[in-house]
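J.: Pasting a structure below so you can have a look.
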Amino acid sequence: MPQAVFRRRLRAAAMFAALSAVIPVLAAVAPAGAAELPAAGPGDATSCASNVSDTAEFVPVLGLDLPATSVGIGGALAPVFDRTAEVAQGFDRVGYCLELDGPQGPQWVWTAMEPFTTDATRLDPPTVAGEIVRQRVGDLDVASSVAGVAPVDGGNGFLEFWPNTYTQARPGQIFGASATTYDAEDTPATGAFGSFGIHSVAPDALAGAAPQTVLSVTGLTQTPGAALGLGIGTSTMANPDWTFAANGATYTTRRLTVFARPAVVAFDRAPEDRQLFPRDADDEASVAIAGTVLDAEVASVRARLWKGDASTDFTAAVGADGGFAVTPVLEAGLHEYRIEFDAISPAGERRVATWDRLVAGDVYVIQGQSNAEARMFSGSANGERSPWIRSFGSSSDNPGLSASDRTWNIAAGDSYAEAGAIGQWGLRMASRLVAEHGVPVAVVNGAHSGRPIDFFQRNDADPDLVTTNYGRLRQRLAAAGVLDRVKAVLWYQGENENDNAAVHVAGFTTLLDDWRSEFGSAASPTEYYVWQVRTSPCSNSIPVALRDAQRRLADTHDVTVLSTTGLNGHDGCHYSYVDGYRDMGDQAANVIGRDLLGGTATGVAAPNPITAAFSDSARTTVTVQVRPGAEGAETLTVEAGAAADFRVTGATVTAVTAQSGALRLTLSGPAANSATVSYLSHMRSGPRVLSPGGVGLLAFTMPIADVSITATADPARLVAGGTTTVTVNVANGTADPVSGVSVAPSLPSGWTSSPASVALPDLAAGETATATFAVTVPSSAVGMLSLPVTTRFTTADGESTRTANVAVTSSCSAEPLRPAAVTSVSSEETASENGRAVNAIDGDPATIWHSRYSSSQATYPHEIVLDLGSSSSVCAFNYQGRTVGTNGNIGGYAVYTSNTPGSWGSPAVTGTFTTGSAPQSVYFSPRSARYVRLVATSPAIAGQAWATAAELSVDGVPAVTAESRCIGSKAYVAVKATNLESGPVSIVMSSAFGSKSFASVAAGRSAVHSFAVRAADVAAGQVEVTATPLEGGGAPVSSTALFTGIACG
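Under this note's numbering, the first residue of the sequence shown is numbered 33, with each subsequent residue one higher.
See the structure below:
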């Protein structure tokens, strides 16, 4: 074995030595037979050489005695002889001779064809991962001793060489192949089994004779020791290509001899069968053929270009360096070309290559997720298949399968992730373009279902990276020679972003920039088309932000936006062919025809709104202006019931009528301030709004042009009795001036505003004006309050008003007051987690109080009693649910307050909290309390037994405060005690530095005293204060005030 071949096999064996098992899609079990093989000669003494004179042109480069059983993935087939080095310089034809001797006696088959590789070490059956050949070959010859194997001279073949397992799925490139049996067109998959099959097939993918298996060896890479299936001709067993035949041991001779014809020229550039060449502005395409001669006798070369029965010769003399170049020119149109390439020497001419079915036309790219992939969901599109519609490579997301497929195919619409698959609407679009504009079309589809927009991005460090979607598509376009000649890209993606418009637009912007840097050229720029998705996400037609962002891409990104709202074949996510993908193909063909091919523009554009404005001063009708069509303003068709798909803030759309260039919406009542109007469309079939050409109105959302008013308060939270600045902005968003503008807050009783109202100047269209007010909240007003601010103005329709509400929170304290301790709790979880009650007052929302659940689960009602540390003036209770999850969120509640534990009376406030982790506050009239009791009466989530809280606090002002101070170098502790009762009290202050008594302190008044420490510093400590009512016989109230340490010396 030559070292080069040996090293290749050794690397493959090492690569897969770690594999413990490979589970193939196929499975074949048969006893392994070991037959004694006859001695092999140098390759010239084969049955094929004895019976087929054409073998004399070839060098037998490799002899293999095939085993009866599999060698496994990466296993080596030891050659009996190896002469591949003799054709290392190049070869222009490949031949195989398979000889079998078994139950039917000696058999042989010879087949030769154009080369499928330039590497002589890749001619034998593949056993190494990634060695995949799945393509047509031309100039196929077949001769055999086996009855039923039809001789072929210059026919068409199909190769299935791979170490993979495979399925019966067929891409549709071989006419007559089956999707239910293993035959001439199967599909490689992940796993190992092995195929080495050569088939004689019809030249056309769409018509012709049924395929015939010429020779086949299957199962080489399945688990070692399993029986091979092999044979000559088409098998009469279950699978025509001998898959699962498990008959290897029945043959005593299993010899495969590989032949190659030494080349006399080597090509640097050459066409491929079925290739489409992008046409230029003159409707022509040049075919570059260049290389070097390998035989010094070759003096010139000739490319004979055939168009039907007429031919044109392009000749070139061989240069001094052995180089040559010829450039046949194709005319774009519905005609195929054939090029016969001959090397000419004094001894005569030699045909070294033939390239068939060449065309000139246009190239399009489709990209996105499943609705760009557009496989068959309901109804077939393959009736649109045509020899004039091509594709290149495979849309498979498997990097190995994608990289191995570098062939031109006849496009198909129903399949996906396959050779030639372009999707149903892609096929329909191409069919229409071919029929109406008379040029062939190639479509390359790179879509992948169910992927977000970041999946499609380029790896800037390695744009060709085959493990990325961008890299696979880019490799295909570059290998096809069309990367800089893409006529248009059509993009359908966005369902996976779940209405996240910002993420989608950012991702599309980056992707579009990369496309524009690589696709097309200055001489042949690429156009870009974006489908507005029907829904984002699938099965939800309400969210519209992403769809509206796609609509606006026409203005922001210089692309053309296509519509899907007119398609009744929608299933909630995808489309049937009829009323779905077929109509999408028509719309795409119409728009491309209009923009790029000189087609009609009438009725082609998707209706796209420009503005929306109220049509009356009562704000009960809205006019939506639509961009004009090619011939000016268009009158849309509004199908009965379409009003249900429109939304206007604060009102219901009861009717929609079409006017020239506009839609008029009638509302159930006045719309809200700063209202928006939206068109959502719907899922599945339903009433539509259509252009004269049947294209659906783009989904949208936009503000309704209006005199709008916005108002804010700063600060938005203040202590009762305080003042906030209210700023009011009035904007004239209409096209007409407004006059007599005045602004005034509508004040509740006890509130004051300075000034009471403001007159603003007249506002022209688009102008704004501002008014400010100093609004004072009465000291008795606590809670989350809404302050209406009204603007009056006059338009041509008469006087109107607009009102905005300003949110103001008025409380008895500037900040929440955190309790000092938990007095009692109905239960707490301490076994399975740290759910102690003190977590609810620790200032850390990440920790929670959780009622007991690990043993003898506690159920509703739950309660917790909090000690504020001192009597306080309290006006609100604050609750925050757990920050992770919603288990245990409290629903129903009752809050009690008291200065004496156990003496609660009626609740201060009752109600229901909302589910979630946002802090919530409930307000009540200010009252004196040291203790606060929360009773959780019901869960926020029905059926839950437990209660949780992240943080609990109150809004309140302590009745007693203590503060350490320095006066000179002496330390003092200043104490203030406020009487929160309704009558007079006596107050006693006690500290480590003495005590102080006050015989009578009136309601609302304070007692103040500074204790002299008689030292230069003082440590942190506390002061006890007792207040005893002097009227009514109430119980004394004790409070504790803490002070910090201080050093004054």
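For each residue, glycine too, the CB sits at the ideal point set by N, CA and C.
1) Within 10 angstroms of the Cβ of residue 1068, are there 16 or more other Cβ atoms? Answer buried if so, exposed if not.
2) Determine the DSSP secondary structure at residue 56, reduced to helix, strand or coil.
3) Taking buried to mean at least 16 other C-beta atoms within 10 Å of its own C-beta, is residue 1014 buried or exposed?
4) Which of the three DSSP states is assigned to residue 434 in this structure?
5) In the DSSP assignment, the beta strand (DSSP E) including residue 734 goes from what residue to what residue?
6) Could you spell out the range, first to last residue, of the beta strand (DSSP E) harbouring residue 824?
7) CB-CB under 6 Å to residue 952, same chain, minus the five flanking residues each way: which ones, in chain order?
8) With a CB to CB cut of under 6 Å and the five nearest residues on each side skipped, what residues in its chain are close to residue 142?
9) Would you report the Cα separation of residue 1026 and residue 853, rounded to the nearest angstrom?
10) For the alpha helix (DSSP H) containing residue 537, name the first residue and the last one.
11) Which one of 260, 266 and 197 has the shortest CA to CA distance from residue 209?
12) Buried or exposed for residue 273, please, with buried defined as at least 16 other CB atoms from any protein chain shown within 10 angstroms of its CB.
13) Apart from the five residues just before and just after residue 70, which ones in its own chain have a Cβ nearer than 7 Å to its Cβ?
14) At which residues does the alpha helix (DSSP H) containing residue 1021 begin and terminate?
15) Which stretch, first to last residue, makes up the beta strand (DSSP E) that contains residue 953?
16) Which same chain residues, not among the five before or five after residue 755, have their C-beta less than 6 Å away from its C-beta?
17) Among residues of its own chain, excluding the 5 on either side of residue 565, which ones have a beta-carbon nearer than 8 Å to its beta-carbon?
18) Using C-beta distances below 6 Å, list every residue in its chain close to residue 237, excluding the 5 sequence neighbours before and after it, in chain order.
19) Helix, strand or coil for residue 1064 per DSSP?
20) Under DSSP, the beta strand (DSSP E) around residue 894 begins and ends at which residues?
21) One question on the structure: do residue 635 and residue 765 come within less than 7 Å of each other, judged by their Cβ atoms?
22) Leaving out the 5 sequence neighbours to the left and right, which residues in its chain are closer than 7 Å to residue 878 when beta-carbon positions are compared?
23) For residue 605, does the three-state DSSP call read helix, strand or coil?
24) For residue 339, list the residues DSSP reports as bridge partners.
25) Look up residue 502 in the DSSP assignment and give the residues it is bridged to.
26) Taking the DSSP output, what are the residues bridged to residue 140?
27) Is the beta carbon of residue 699 closer than 7 Å to that of residue 576?
28) For the beta strand (DSSP E) holding residue 358, just list the boundary residues, first then last.
29) Is the CB of residue 450 under 7 Å away from at least one CB in chain D?
30) Would residue 1017 and residue 1005 qualify as a contact pair, given that the criterion is a beta-carbon distance under 7 Å?
31) Report all residues from its chain with a CB closer than 6 Å to the CB of residue 1079; omit the five preceding and five following residues, and keep chain order.
32) Sorted by chain position, which residues of the same chain lie with C-beta nearer than 6 Å to residue 1022's C-beta, five sequence neighbours on each side aside?
33) Verify whether the separation of the beta carbon atoms of residue 220 and residue 194 is less than 7 Å.
34) Could you tell me the distance, in whole angstroms, from the CA atom of residue 1047 to the CA atom of residue 1002?
35) List the whole-angstrom C-beta distance separating residue 985 from residue 849, where the pair is believed to meet the contact cut-off of C-beta under 8 Å.
36) Output the distance between the C-alpha atoms of residue 462 and residue 445, rounded to the nearest integer angstrom.
T.: On the basis of the data shown:
1) exposed
2) Unreliable placement is indicated for residue 56, whose pLDDT of 32 sits below 50; no coordinate value is reported for it.
3) exposed
4) helix
5) 732 to 735
6) 815 to 827
7) 911 and 945
8) 80, 84, 129 and 175
9) 26 Å
10) 533 to 550
11) 266
12) buried
13) Note that residue 70 scores a pLDDT of 34, beneath 50, so its modelled location is shaky; the value from the coordinates is reported in the next line. Only 285 meet the Cβ criterion.
14) From DSSP, residue 1021 is part of no alpha helix (DSSP H) but of the beta strand (DSSP E) over 1017 to 1023.
15) 952 to 968
16) 806 and 808
17) 403, 524, 525, 526, 527, 578, 579, 582 and 596
18) 205, 207 and 442
19) coil
20) 894 to 912
21) no
22) 915
23) coil
24) 342 and 369
25) Residue 502 is not bridged to any residue.
26) 131
27) no
28) 355 to 358
29) The chain labelled as chain D is not found in the depicted structure, where only one protein chain is given.
30) no
31) 1049
32) 1056
33) yes
34) 6 Å
35) 6 Å
36) 10 Å
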